[in-house]
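Working notes, beginning with the structure itself.
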Amino acid sequence: MSDPASNTGLFGVHGMALELRAQRMGVLTSNIANAATPGYKAKDIDFNSALKARINGASTEKASQAAVQYRVPVMPSLDGNTVEMGVEQVAFSQNSVGYSSTLTFLTARVDQIKRAIKGD
Numbered sequence: 001m002s003d004p005a006s007n008t009g010l011f012g013v014h015g016m017a018l019e020l021r022a023q024r025m026g027v028l029t030s031n032i033a034n035a036a037t038p039g040y041k042a043k044d045i046d047f048n049s050a051l052k053a054r055i056n057g058a059s060t061e062k063a064s065q066a067a068v069q070y071r072v073p074v075m076p077s078l079d080g081n082t083v084e085m086g087v088e089q090v091a092f093s094q095n096s097v098g099y100s101s102t103l104t105f106l107t108a109r110v111d112q113i114k115r116a117i118k119g120d
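Number 25 in this note's numbering belongs to position 25 of the sequence shown; there are no gaps in the numbering.
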């Protein structure tokens, strides 16, 4: 478990954001995988709430668990499953873009630190 102060010092909020986006990716993937499971209730992580909790010192696991919300379906299925593939695909795509952007920023930051150490 990492210390929030260390994440905010060197990498800003981006280290925490990457961890939470990875957690959210898992939740969204689970929804998609269970699209045909009778009675399965689709969930999502409120990223902003989770990030605020993480910044305030909660672990990634606790922050993401506290921010889990069940989706309210537009058209619920007869078997009680609340996964709507269109909604899940959009959420997955948006989260993937955020994850990639955050990872790109962190990679650039690490490269910058390496150059500073080498004296370039």
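Glycine residues also receive a C-beta, built at the ideal position from the N, C-alpha and C atoms.
Quiz item: With distances taken between CB atoms, is the gap from T60 to Q23 smaller than 8 Å?
Solution: If you number the sequence shown from 1, residue 60 lands on position 60. If you number the sequence shown from 1, residue 23 lands on position 23. Their beta carbons are under 8 Å apart, which means T60 touches Q23 by this criterion.
Quiz item: Just curious, the alpha helix (DSSP H) that D79 is in, first and last residue?
Solution: If you number the sequence shown from 1, residue 79 lands on position 79. Looking at the DSSP string, D79 is not in any alpha helix (DSSP H), and its letter there is neither H nor E.
Practice problem: Assign V72 to one of three DSSP states: helix, strand, or coil. | Solution: On the sequence shown, residue 72 is found 72 positions in, with the first residue counted as 1. In the three-state reduction of the DSSP assignment, V72 falls in the coil class, being assigned neither a helical nor a strand state.
Quiz item: When you compare only the Cα positions, how much space is there between A33 and K114?
Solution: Counting from 1 along the sequence shown, the entry for residue 33 is found at position 33. Counting from 1 along the sequence shown, the entry for residue 114 is found at position 114. Approximately 40 Å, taken between the alpha carbons.
Self-check item: Nonlocal neighbours in the same chain, by C-beta distance under 7 Å from D79, ignoring five residues either side
Solution: Sequence index remark: in the sequence shown, residue 79 carries index 79 (1-based). Result list for D79: P38, G39, in chain order.
Quiz item: Residues in its own chain within less than 6 Å of A50 by CB, not counting five upstream and five downstream?
Solution: Working through the sequence shown from its first residue, we reach residue 50 at position 50. Here the set comprises L20, A63, S64, A67.
Practice problem: Could you tell me which residues DSSP puts in a beta bridge with K43? | Solution: Position 43 of the sequence shown, counted from the first residue, corresponds to residue 43. The partner list for K43 (beta bridge, DSSP) reads Y70.
Quiz item: Going along the chain, which residues of its own chain have a beta-carbon closer than 7 Å to the beta-carbon of P76, five neighbours each way excluded?
Solution: Within the sequence shown, the letter at position 76 stands for residue 76. The answer, listed in chain order, is T82.
Exercise. Could you tell me if V27 is buried or exposed, where buried requires 16 or more neighbouring beta carbons within 10 angstroms of its beta carbon?
Key: Within the sequence shown, residue 27 is the residue found at index 27, counting from 1. It is buried - the Cβ of V27 has at least 16 other Cβ atoms within 10 Å.
Quiz prompt | Inter-residue CB distance, L10 and L103 (contact presumed, cutoff 8 Å) | solution = Start at 1 with the first residue of the sequence shown, and residue 10 comes out as number 10. Start at 1 with the first residue of the sequence shown, and residue 103 comes out as number 103. No, L10 and L103 are not in contact; Cβ-Cβ is about 15 Å, not under 8 Å.
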